[in-house]
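In the working numbering, the protein residues as written are 2 to 105.
Encoded structure:
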């Protein structure tokens, strides 16, 4: 467990990547979500958040902005095709399954 007294000071820790190569992704995730820098890490860059994201969302002092704006991406047309392909089924209330008895 680690605690820091001040957010303004960048928290830096030595990287464990030279000892365990598999810790590379965990350190990138910690950097991305908490802003802790690992000195000696071979590829310390964001892994979950987009590159333009300016804060660290898992910190206690993180405040979500109210003004997120939609920005078109190259994948929008794929999303629209998927929405049409997987159109929601109409909700059934069960009344369609009632069979009227035949008149005798």
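We put the CB at the ideal spot given by N, CA and C, even for glycine.
- Cβ atoms of residue 43 and residue 25 come within 8 Å of each other, at about 7 Å.
- In chain order, 56 and 57 place their CB closer than 7 Å to the CB of residue 63, counting only its own chain and leaving out the 5 sequence neighbours on each side.
- The continuous beta strand (DSSP E) containing residue 13 extends over residues 13-15.
- Nearest neighbour of residue 19 by Cα position, chosen from 67, 85 and 41, turns out to be 41.
- When DSSP assignments are scanned along the stretch 12-85, the uninterrupted stretches of alpha helix (DSSP H) that are 4 or more residues long and fall wholly within it turn out to be 25-35.
- Distance from the CA of residue 35 to the CA of residue 75, rounded to the nearest whole angstrom, comes to 29 Å.
- As the crow flies, the alpha-carbon of residue 47 is around 10 Å from that of residue 28.
- Your pair residue 49 and residue 30 checks out as a contact, with CB atoms roughly 6 Å apart and the cut at 8 Å.
- Leaving aside the five residues that flank residue 38 on each side, the residues in its chain whose CB is nearer than 8 Å to its CB run, in chain order, 11, 12, 13, 14, 32 and 45.
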